[in-house]
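> Here's a structure for you.
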Amino acid sequence: MAPPTRRRPSFATARASRGLPGFRRAYHTEESTANMPRALVTGITGQDGSYLAEFLLQQGYEVIGMVRRTSTINFDRIRTFQDRITIVQGDLLDQVSLINILQQHRPAEVYNLAAQSFVPVSFDQPVLTGEFTGLGVTRVLDAIRIVDRSIRFYQASSSEMFGKVQEVPQRETTPFYPRSPYGVAKLYGHWITINYRESYNLFACSGILFNHESARRGLEFVTHKITHGAARIKLGLGDALYLGNLDARRDWGWAPDYVRAMWLMLQQEHPDDYVVATGETHSVREFCREAFDYLGLDWERHVVVDPKFYRPAEVDLLVGDPGKAGRILHWEPSISFREVVRLMVDADMASLRQTGNHSPHVG
Ligand code: NAP
Ligand code: G4F
């Protein structure tokens, strides 16, 4: 059987997302899938994977989503468009699976979003985090080197790499100082991406993304923990919300904006690395105030500090300079911090009203 065709997305499509003229949206029918650009997304069941897949479908892509085997399938975030993508089984720990997927599906672009992405767990499972989040990147890159060096590659790098920040705001040239096994693993992934670009001439990009949120965020991350907790309290389902360090500051953006930046990186003439951020920073305390105020609640009456949520080493302040992404990718965030908080609160209120105490990843 001949391998499926690979097509690069047209220049017109790339221009479209920048709002440039000459664009015609790539609507497609089943017969036309042979001409669609094809992308592989690892981590498709995660927050970003689900938004990226939706975005790529809108751009006229055929999307291959890699999932790992679990005893219970959790496709909550991709359920609404699951029938429009191809799901394949693979694991970042198993290079054979990665090579097979590339050989079988011949994508033009690979977005590596899979990772153990929760910082506290990286202190409990530092070796496994290194395997998934660090070495996993090498496995994907090397599969590309073996199968097809023309594949364009996106690596989900992180502002956690800046850790104990050496410069404010942080930009592409800021020295790194990671403060968790997760940050260290991501730094390895960042440098191996650059190394494969320089060694094998791969079109490999590293997106240094600052925190980005949505109703699809895992409930263990502080933003969703706060909006969900505030909504529960508003609805009389609880009274207290237990948090750790309220003084930590983050540059929080809107996840759908950030997946657009990933795609833009792979549409450029040359591969490069970009900071993606809003340029604004807020503390966990401010996030609490914003969420509770919106619901007419006094956050100080409900939020309780529990040292069990402190980390062995903390990242105190993150704020990115998205100047390069603005100049070269024409990327900018579409909504404000306040809107991010309110959209998340609204989604939690709606889903809690519908389901009682459970908050599925919707919205
Ligand atoms: P997420 O919601 O935690 O999703 C992680 C995804 O990785 C899930 O689909 C998970 O699958 C998958 N995965 C984990 N281990 C795997 C393995 N061994 N093999 C295959 N798949 C595996 O993370 P996210 O927020 O969407 O973030 C996406 C990526 O961007 C991650 O690499 C994260 O570290 C990075 N990042 C995120 C942010 C942010 O603010 N969100 C900022 C900077 C960088 P299961 O469903 O099976 O668990
Ligand atoms: O929401 P967080 O767990 O996100 P964190 O550690 O910044 O990591 C996220 O963003 C990174 C990008 O910078 C990604 F690479 C990574 O994958 C992930 O998506 O914690 C944010 C801050 C921390 O300083 C933490 O100490 O909130 C503080 N915090 C205070 N109380 C809490 C809590 N964090 C969590 N998760 N839970 C708490 O109760």
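Going by the working numbering, the sequence shown runs without a break in its numbering and finishes at 924. Backbone N, C-alpha and C fix where the C-beta goes; we use that ideal spot for every residue, glycine too. Since the model is a prediction, treat every value here as computed from it, not as a measurement.
1. In chain order, what residues place their C-beta within less than 5 Å of a heavy atom belonging to ligand 2?
2. What separation, rounded to the nearest whole angstrom, lies between the Cα atoms of Gly799 and Gly790?
3. Can you give the Cα-Cα distance for Leu890 and Thr839, rounded to whole angstroms?
4. Can you list, in chain order, the residues of its chain whose CB lies under 7 Å from that of Glu591, leaving out five sequence neighbours each side?
5. If you count every other CB in all the chains shown that lies within 10 Å of the CB of Pro564, and 16 or more means buried, which is it?
6. Between Asp907, Arg821, Ala911, Val901, which has its C-alpha nearest Glu893's C-alpha?
7. Roughly how many angstroms lie between the CA atoms of Tyr743 and Asn596, to the nearest whole one?
8. Sorry if obvious, but does the Cβ on Lys747 come closer than 8 Å to a heavy atom of ligand 1?
9. Which class does Tyr713 belong to by DSSP, given the choice of helix, strand or coil?
10. Going by alpha carbons, who is nearest to Trp815 out of Pro832, Thr784, His831?
11. Is Leu796 near Leu913, with beta carbons less than 9 Å apart?
12. Among the residues of its own chain, which have a CB less than 8 Å from the CB of Arg706, if the five just before and after it don't count?
13. Under three-state DSSP, which class holds Ile646?
14. According to DSSP, which residues form a beta bridge with Val864?
15. What do you get for Arg640, buried or exposed, if any count of 16 or more other CB atoms within 10 angstroms of its CB means buried?
16. Roughly how many angstroms separate the alpha carbons of Arg586 and Met905, rounded to a whole number?
17. Hey, His843 and Arg811: beta-carbon distance below 9 Å or not?
18. Between Leu904 and ligand 1, is there a pair consisting of the residue's CB and a ligand heavy atom that are separated by less than 8 Å?
19. Asp859 to Ile794, Cα distance in whole Å?
20. Return the residue from the list Tyr749, Ile634, Glu861 that minimises the CA-CA distance to Gln716.
21. Can Gly744 be considered in contact with ligand 1, in the sense that its beta carbon sits closer than 8 Å to one or more heavy atoms?
22. Less than 9 Å between the beta carbons of Ala809 and Leu878, yes or no?
23. Below 7 Å CB to CB, which residues in the same chain sit around His589 once its five sequence neighbours on both sides are set aside?
24. Any contact of the segment 859–876 with the segment 818–836, i.e. 3+ C-beta pairs under 8 Å?
25. Using a Cβ-based criterion (distance less than 8 Å to any ligand heavy atom), does Gly917 qualify as near ligand 1?
26. What three-state label does DSSP hand Trp892 in the structure shown?
27. Express the C-alpha separation of His666 and Phe693 in angstroms, rounding to a whole number.
28. Look up Ser632 in the DSSP assignment and say whether it is helix, strand or coil.
29. In chain order, what residues of the same chain lie with their CB nearer than 6 Å to the CB of Gly805, ignoring the 5 residues before and after it?
30. Are at least three pairs of beta-carbons, each pair with one atom in the segment 688–704 and one in the segment 642–651, less than 8 Å apart?
31. Determine, for Ile707, whether the minimum Cβ-Cβ distance to residues of chain D falls below 9 Å.
32. With a 10 Å radius around its C-beta and 16 neighbouring C-beta atoms as the bar for buried, classify Ala801 as buried or exposed.
33. Could you have a look at Glu875 and say whether DSSP puts it in helix, strand or coil?
34. With burial defined as no fewer than 16 other Cβ atoms inside 10 Å of the residue's Cβ, what is the status of Thr751: buried or exposed?
35. Report yes if the CB atom of Tyr738 is closer than 9 Å to the CB atom of Leu770, and no otherwise.
36. Could you check whether Asp637 and Arg732 sit closer than 9 Å to each other, using their CB atoms as the reference points?
Looking at the coordinates:
1. In chain order, the hits are Ser678, Val680, Ser719, Ser720, Glu721, Asn772, Phe782, Val783, Leu804, Gly805, Asn806, Ala809, Val845, Phe870.
2. For the purposes of this step, residue 799 is taken as the residue at position 238 of the sequence shown. For the purposes of this step, residue 790 is taken as the residue at position 229 of the sequence shown. Distance between the alpha carbons of Gly799 and Gly790 is about 8 Å.
3. Counting from 1 along the sequence shown, the entry for residue 890 is found at position 329. Counting from 1 along the sequence shown, the entry for residue 839 is found at position 278. For Leu890 and Thr839, the distance between alpha carbons rounds to 14 Å.
4. In the sequence shown, the residue the question calls residue 591 occupies position 30. Bear in mind that the predicted position of Glu591 carries a pLDDT of just 46, short of 50, making it unreliable; the figure below should be weighed with that in mind. Nothing listed; no residue qualifies.
5. Your numbering for residue 564 matches position 3 in the sequence shown. Unreliable placement is indicated for Pro564, whose pLDDT of 39 sits below 50; the coordinate value is still reported in the next sentence. Exposed, by the Cβ-count rule.
6. Within the sequence shown, residue 893 is the residue found at index 332, counting from 1. Of Asp907, Arg821, Ala911, Val901, the residue nearest in Cα terms is Arg821.
7. Looking up residue 743 in the sequence shown gives position 182. Looking up residue 596 in the sequence shown gives position 35. Approximately 39 Å, taken between the alpha carbons.
8. Here the question's residue 747 lines up with position 186 in the sequence shown. The answer is yes for Lys747.
9. As a working mapping, residue 713 is identified with position 152 in the sequence shown. Rather than Tyr, the amino acid found at residue 713 in this sequence is Arg. Looking at Arg713 - three-state DSSP - the assignment turns out to be strand.
10. Position 254 of the sequence shown, counting from 1, holds the residue named residue 815. It is Thr784 whose Cα lies nearest to the Cα of Trp815.
11. In the sequence shown, residue 796 corresponds to position 235, counting from 1. In the sequence shown, residue 913 corresponds to position 352, counting from 1. Yes, Cβ-Cβ distance for Leu796 and Leu913 is below 9 Å.
12. Translated into positions along the sequence shown, residue 706 becomes position 145. Closer than 8 Å at Cβ, skipping near neighbours: Tyr757, Tyr761, Leu763.
13. For this step, residue 646 is matched to residue 85 along the sequence shown. Looking at Ile646 - three-state DSSP - the assignment turns out to be coil, as it is neither helix nor strand.
14. As a first step, residue 864 must be located in the sequence shown, where it is residue number 303. Answer is Leu802.
15. Position 79 of the sequence shown, counted from the start, is the residue given in the question as residue 640. Answer is exposed; the Cβ neighbour count stays below 16.
16. Here the question's residue 586 lines up with position 25 in the sequence shown. Here the question's residue 905 lines up with position 344 in the sequence shown. Residue placement at Arg586 is flagged as unreliable, the pLDDT there being 30, under the threshold of 50; a coordinate-derived value is accordingly withheld.
17. Working through the sequence shown from its first residue, we reach residue 843 at position 282. Working through the sequence shown from its first residue, we reach residue 811 at position 250. Against a cut-off of 9 Å, the Cβ pair of Arg811 and His843 comes out as a contact.
18. Walking along the sequence shown from the start, residue 904 turns up at place 343. Not under cutoff, so the answer is no.
19. If you number the sequence shown from 1, residue 859 lands on position 298. If you number the sequence shown from 1, residue 794 lands on position 233. Looking at the two C-alpha atoms, the distance is approximately 11 Å.
20. Locating residue 716 in the sequence shown gives position 155, counting from the first residue. Among Tyr749, Ile634, Glu861, the Cα nearest to that of Gln716 is on Tyr749.
21. Here residue 744 is taken as the residue at index 183 of the sequence shown, counted from 1. Checking the Cβ of Gly744 against ligand 1 gives no.
22. By 1-based counting over the sequence shown, the position of residue 809 is 248. By 1-based counting over the sequence shown, the position of residue 878 is 317. It is a contact, given that the beta carbons lie within the stated cut-off.
23. Taking the first residue of the sequence shown as position 1, residue 589 is located at position 28. Residue placement at His589 is flagged as unreliable, the pLDDT there being 38, under the threshold of 50; the coordinate-derived value follows with that caveat. Taken in chain order, the residues that qualify are Met597, Gly621.
24. Counting Cβ pairs under 8 Å, fewer than three are found: no touch.
25. The count along the sequence shown starts at 1 and reaches residue 917 at position 356. No, ligand 1 has no heavy atom inside 8 Å of this Cβ.
26. By 1-based counting over the sequence shown, the position of residue 892 is 331. In this structure, Trp892 counts as coil in the three-state DSSP scheme.
27. What you label residue 693 is simply residue 132 of the sequence shown in a count that begins at 1. What you label residue 666 is simply residue 105 of the sequence shown in a count that begins at 1. Distance between the alpha carbons of Phe693 and His666 is about 22 Å.
28. The residue you call residue 632 lines up with position 71 of the sequence shown. In the structure shown, Ser632 sits in coil (DSSP, three-state: anything other than H, G, I, E or B).
29. As a first step, residue 805 is located in the sequence shown; it is residue number 244 there, counting from the start. So the qualifying residues of the chain are Phe870, Tyr871.
30. no
31. Included in the structure is just one protein chain, with no chain D present.
32. Position 240 of the sequence shown holds residue 801. So Ala801 ends up on the exposed side.
33. Position 314 of the sequence shown holds residue 875. Coil at Glu875, not helix or strand.
34. What you label residue 751 is simply residue 190 of the sequence shown in a count that begins at 1. The sequence shown places His at residue 751, rather than the Thr named in the question. His751 should be labelled buried.
35. As a working mapping, residue 738 is identified with position 177 in the sequence shown. As a working mapping, residue 770 is identified with position 209 in the sequence shown. No, these two residues do not count as a Cβ contact at 9 Å.
36. Numbered from its first residue, the sequence shown carries residue 732 at position 171. Numbered from its first residue, the sequence shown carries residue 637 at position 76. The answer is no: Cβ separation not under 9 Å.
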